[in-house]
Amino acid sequence: MSDTTAVIVQPGVALPEPFDFNKPQNWDTYKSRFNRYCIVAGVTSAEQQVNSLLYAMGPRAETIFTSFNLNETDAKDIIKVKEKFDGFFNGRKNIIYKRARFNMRVQSPGESMEDFITDLCKLADSCEYENFREQLIRDRIVVGVADRRLSERLQLLDGLDYKRAVEVARSYETVQKQNQLLRSDVAGTGTAVNRVQNKTKARKGRNYSTPWKCYGCGSEKKHAKEECPARSSKCNKCAKEGHWAKVCKSGTADGRSEKNKPKTAIQQVEDDSSTDPFFVATVSQSQVPSDEPWQAKVTVDGVTICFQLDPGADVTLITDSTYEENRQTFGKLHTADRNLESVSRDSLKCIGMFTTRLSYGDRALNANVFVVKGLRQNLLGRGECVGLNLVMRCSQVSAQSTVRLFTEFPGLFNRLGLLKTSYSIKLRKDAKPFCLSQPRRVPLVLMTKLKAKLEEMLQMGVIEKVDEPTDWCSGIVLVKKQNTDDIRFCVDLTKLNQAVERENHPMPTVEHTLGQLNGVKYITKLDCVSGFWQVPLSEDSKKLTTFITPFGRFCFCRLPFGILSAPECFQKRASQILEGLEGVANLIDDIIVWGKTIQEHDARLRAVLQRWDASPSRE
């Protein structure tokens, strides 16, 4: 081979990294990457490509190349050279071994769905499955995913093909990540709704297999200590920093242990930053005065039992002690026909169920009653509450005053609002930029809808096109909305969130809001539609939110949903606008207004709308 042959490359295009000869199985991938390099760099002649390949692979490639004993013509032919390297690295294919590796492939703990599917496709390429390739990859995804619930969901889908399996798996993983972020976005106060506590302590010496759980925030998703959302939060229970109250194991700030401190009888209400923050099921707080407790004495098969009314519960529950006291009357238990979960998604230990006659006043009905071990008090479910006329469903309210408000403040209801003060996303000093160079694949059937969604957001001023280079660039995820043909457009900001510094702004608690509703008869809930989109981003922060699509790159001009610091940001701005008003509370983009009379309620509601409409922070 001539020693004077020049390798001409496009300026600024780097050679592929040296080949790792200890991993011969990576040769096909390396070869594909080199082919792409030749196209980008403009290396066209076969002789130039041979020289570039040997130089890129490293010094050992020269020794191996010499051992091929190619004549002068073949030594300049890139196809011949690649064939020789194919034989050197791949040798004789063992199809049985390669298929065994494919069939044994399962998703590893912490492995992303994208990496798992990519590796399955790579393994299948060497198995010579031909026309059955996509079907077998689909089967491997269904069987090999780490999440059992996802596997079951995939098995229940009729006509599941490869593309559908990949789409569902990716969407499921994205939603799980977003839910995890939303649950950790707002610092909870450590109380939980209807979580059953078992007072029996585990015996020493027994080994219980429990999942990993963070000692700071309580999340079961593994993350580094410095990435914990509770790392800079102050515990509402012991006043120490670094963890939240729901995982606190110490006493309270005044030095008394939980055992000796006077109890606030709350049946564990957990602030999960849900989309409906003022919906609370079964909360009783003895230190909050109330005109009448939400309890009723209901006759169960002739036995009078005190129930707490729980319109948020799907079924009626009684404690195991209540059942034991009336075992002869209630009779033998049957196996429960369903699994029971608390609001916090914890499984309840159901001993069994029985069918009985419930009566209250002149009302009576038949109902299934479930016996739950560890339950603190008997709970009357929604169907029984309504059936016994203990809770009335309000389906119609007078809307005359509401209609007048619509006409009085049209600017608040007919367009997307905009706050004047822009928000800057602050990054940690050790932040490492993350940038995708290629868009994630989007099914052809969704391309038109994606383009329409992008056009809509452009017209609203929520996003803008990006042409210049950026350090940060995220991918997108499309999730089909249930029972509609519309799609939910999401940007995967996971990498950016790992680098974002959160604002430590106090968030109101459910208990505090409930304490203000004593004697209230009229309530209005206002929702700031696309609330985060009403906050403009600073110029520097816009480029941090850059995302790539098949139609090009865009960035957010407004605060995007899913950003870690968004809840505190909007809470702070909304609280500043509403500051000083009576009978008003807000949690992020939800505002609640109340009054004891209709006149008081309407006056307060009008004051809120006037304040919001005339706020100097709004445009």
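The sequence shown lines up with residues 200 to 818 when you count with our numbering.
We put the beta carbon where it would ideally sit given N, CA and C, even for glycine.
(request) Quickly, what does DSSP pair His800 with across the bridge? List them, please. (result) DSSP output for His800 lists no bridge partner at all.
(request) Would you check if the stretch 707-717 and the stretch 757-764 touch, i.e. whether three or more CB-CB distances between them fall below 8 Å? (result) no
(message) Here's the rule I'm using: 16 or more other beta-carbon atoms within 10 Å means buried, otherwise exposed. How should Ser623 be labelled?
(response) Exposed is the label assigned to Ser623, since fewer than 16 other Cβ atoms lie within 10 Å of its Cβ.
(request) Measure the C-alpha to C-alpha separation of Lys496 and Glu524 and round it to an integer number of angstroms. (result) 16 Å
(request) Over the uninterrupted alpha helix (DSSP H) stretch that includes Trp226, give me the two end residues. (result) Where Trp226 is concerned, the enclosing alpha helix (DSSP H) starts and stops at 226-240.
(message) Residues in the same chain with beta-carbon distance under 8 Å from Ser546, minus the five sequence neighbours each way, listed in chain order, please.
(response) Asn538, Leu539, Glu540
(message) Check this for me: beta carbons of Ser325 and Lys297, under 7 Å apart or not?
(response) yes
(message) What does the Cβ neighbour count give for Gln354, buried or exposed, with the cut at 16 atoms within 10 Å?
(response) Burial check for Gln354: the Cβ neighbour count within 10 Å stays below 16, so the residue is exposed.
(message) Tyr229 and Phe218 - do their beta-carbons sit closer together than 7 Å?
(response) Yes. Within cutoff.
(message) Whole angstroms are fine: how far does the CA of Pro308 sit from the CA of Ala813?
(response) 52 Å
(request) Tell me, please, whether the stretch 782-789 touches the stretch 746-756 by the rule of three or more beta-carbon pairs shorter than 8 Å. (result) no
(request) Would you mind sorting His442 into buried or exposed? The rule is 16 or more other CB atoms within 10 Å of its CB. (result) buried
(request) Excluding the 5 residues preceding and the 5 following Lys572 in the sequence, name in chain order all residues of the same chain whose CB lies nearer than 6 Å to its CB. (result) Asp519, Lys548, Ile550.
(message) Please give the ranges of any beta strand (DSSP E) in the stretch 674-727, keeping only runs that are unbroken, at least 3 residues long and fully inside the region.
(response) 674-679, 686-691, 721-726
(request) Note the first and the last residue of the continuous alpha helix (DSSP H) segment covering Gln247. (result) Gln247: member of the alpha helix (DSSP H) spanning 245-256, first to last residue.
(request) Please classify Leu808: does DSSP put it in a helix, a strand, or coil? (result) helix
(message) My assumption, with CB atoms under 8 Å, is that Asn567 sits in contact with Arg556. Please give the rounded CB distance.
(response) The Cβ separation is near 12 Å, so there is no contact.
(request) Thinking Thr515 and Phe569 are a contact (beta carbons under 8 Å), I'd like their distance in whole angstroms, please. (result) 7 Å
(message) Buried or exposed for Tyr414, going by 16 or more other Cβ atoms inside 10 Å?
(response) exposed
(message) Quick check on the burial criterion: 16 or more other C-beta atoms within 10 angstroms. Buried or exposed for Asn577?
(response) Asn577 is buried by the Cβ-count criterion.
(message) Checking the sheet assignment: what are the DSSP bridge partners for Tyr154?
(response) For the chain, the structure presents residues 200 to 818; residue 154 sits outside this window and is missing.
(message) Going by beta-carbon coordinates alone, are Trp811 and Ile722 separated by less than 7 Å?
(response) No, they are not a contact pair.
(message) Between Ala299, Lys376, Arg575, Ser231, which has its C-alpha nearest Arg339's C-alpha?
(response) For Arg339, the nearest C-alpha among the options comes from Ala299.
(message) Here's the rule I'm using: 16 or more other beta-carbon atoms within 10 Å means buried, otherwise exposed. How should Lys436 be labelled?
(response) It is buried - the Cβ of Lys436 has at least 16 other Cβ atoms within 10 Å.
(message) Which residue wins for smallest C-alpha separation from Phe608, given the options Gln809, Leu359, Ile278, Ile686?
(response) Measuring C-alpha to C-alpha distances from Phe608 to each of Gln809, Leu359, Ile278, Ile686 identifies Gln809 as the nearest.
(message) Suppose contacts are defined by Cβ-Cβ distances below 7 Å. Is Asp500 in contact with Thr528 by that definition?
(response) yes
(request) Along the alpha helix (DSSP H) that carries Phe753, what are the first and last residues, could you check? (result) Note, Phe753: premise wrong, no alpha helix (DSSP H); beta strand (DSSP E) at 751-755.
(message) Taking 7 Å as the limit between beta carbons, can you name the residues of its chain near Pro707, skipping five residues before and five after?
(response) Ala784, Leu786
(message) On the DSSP letters alone, give me the boundaries of the alpha helix (DSSP H) that Val783 sits inside.
(response) No alpha helix (DSSP H) holds Val783; the beta strand (DSSP E) holding it covers 783-786.
(request) Determine, using beta carbons only, whether Leu253 and Ala245 come nearer to each other than 7 Å. (result) no
(request) Give the range of the beta strand (DSSP E) segment to which Val499 is assigned. (result) Val499 -> beta strand (DSSP E) spans 494-499.
(message) Does Ser266 pass the burial test, meaning 16 or more other C-beta atoms within 10 Å, or should it be called exposed?
(response) Here Ser266 is exposed: its Cβ has fewer than 16 other Cβ atoms, across all protein chains shown, within 10 Å.
(request) Let me know if Cys634 comes out buried or exposed under the rule of 16 or more other beta-carbons within 10 Å of its beta-carbon. (result) exposed
(request) Answer with buried or exposed for Leu692, where buried requires no fewer than 16 other C-beta atoms within 10 angstroms of its C-beta. (result) With 16 or more other Cβ atoms within 10 Å, it is buried.
(message) Buried or exposed, going by whether 16 or more other CB atoms sit within 10 Å of the CB of Leu695?
(response) buried
(request) Could you tell me if Lys651 is buried or exposed, where buried requires 16 or more neighbouring beta carbons within 10 angstroms of its beta carbon? (result) According to the sequence shown, residue 651 is Ala rather than Lys. The residue is exposed, with fewer than 16 neighbouring Cβ atoms inside 10 Å.
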